[in-house]
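>
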Amino acid sequence: MIEGGCNCGAIRYRIEGSPLAIAACHCTRCRRQSGRIYSVNLVVKLSDMAVEGSLESFEDTRSDTGNSVYREFCGDCGSPIRSLLAGSPGIAAVKVGTADDPAALAPAFHVWTSMKLPWVEIPAALPQFERNAG
Numbered sequence: 001m002i003e004g005g006c007n008c009g010a011i012r013y014r015i016e017g018s019p020l021a022i023a024a025c026h027c028t029r030c031r032r033q034s035g036r037i038y039s040v041n042l043v044v045k046l047s048d049m050a051v052e053g054s055l056e057s058f059e060d061t062r063s064d065t066g067n068s069v070y071r072e073f074c075g076d077c078g079s080p081i082r083s084l085l086a087g088s089p090g091i092a093a094v095k096v097g098t099a100d101d102p103a104a105l106a107p108a109f110h111v112w113t114s115m116k117l118p119w120v121e122i123p124a125a126l127p128q129f130e131r132n133a134g
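Counting from 1, one number per residue, gives the positions in the sequence shown under full-length UniProt numbering.
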């Protein structure tokens with residue numbers, strides 16, 4: 001089980017079972033939304049995730065896939081919590097940095113590396129995809 005939440009405590013979540021994947025995304029939209037050089041996400045089934053508190057949502061219609069991404073965050077403190085992908089119904093990409101214990105949640109691969117910043121180094125042992133993972 002993975003638990004986490006926002007900075008102010010208004011949002012808490014629990015994920016049952018194992019994530020489908022843990023991926024680092026280098027796309028411009030994830031970078032801007034997370035405020036980081038790339039965003040590390042737990043890819044989970046929505047049915048495995050319970051959320052306490054009320055998430056606000058921003059519909060990002062400018063994603064690189066062409067599908068809307070619903071970026072959900074705490075309306076009180078602004079912490080990004082997860083993204084819902086219109087092109088992948090029933091799936092959520094949860095921000096690893098919001099987990100209570102993120103130490104064991106290292107990315108297994110990197111996506112959208114065609115957009116990565118030139119000075120970012122990705123370990124050679126990790127798979128890399130110029131766009132989404134196949």
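For every residue, glycine included, the Cβ atom is placed at its ideal position computed from N, Cα and C.
1. Counting pairs of Cβ atoms below 8 Å between the stretch 12 to 22 and the stretch 60 to 73, do you hit three or more?
2. Going by DSSP, what residues sit across from PRO80 in a beta bridge?
3. State the start and end residues of the unbroken alpha helix (DSSP H) segment that holds residue 136.
4. Give me the Cα-Cα distance between ARG131 and MET1, rounded to the nearest whole angstrom.
5. Check whether the stretch 17 to 24 and the stretch 79 to 90 are in contact - that is, three or more C-beta pairs closer than 8 Å.
6. Exposed or buried, PHE73, counting other C-beta atoms within 10 Å across all chains shown (16 or more means buried)?
7. Could you tell me the boundaries of the beta strand (DSSP E) in which CYS58 lies?
8. For VAL40 and ARG82, I'd like the C-alpha separation in whole angstroms.
9. Return the Cβ separation of LEU46 and ILE22 in integer angstroms, given the expectation that the two are a contact with Cβ distance under 8 Å.
10. Taking SER34 as the reference, which of ILE122, MET115, SER79 and ALA108 has the closest Cα?
11. To the nearest angstrom, report how far apart VAL120 and CYS30 are at their CA atoms.
12. Measuring alpha carbon to alpha carbon, tell me which of GLY9, ASP48, GLY5 and CYS27 ends up nearest HIS110.
Taking the definition as stated:
1. no
2. PHE73
3. This structure leaves residue 136 out entirely; the chain is present only between 1 and 134.
4. 29 Å
5. no
6. buried
7. The sequence given here has Phe at residue 58, not Cys. First-last of the beta strand (DSSP E) with PHE58: 55 to 60.
8. 11 Å
9. No, LEU46 and ILE22 are not in contact; Cβ-Cβ is about 17 Å, not under 8 Å.
10. SER79
11. 15 Å
12. CYS27
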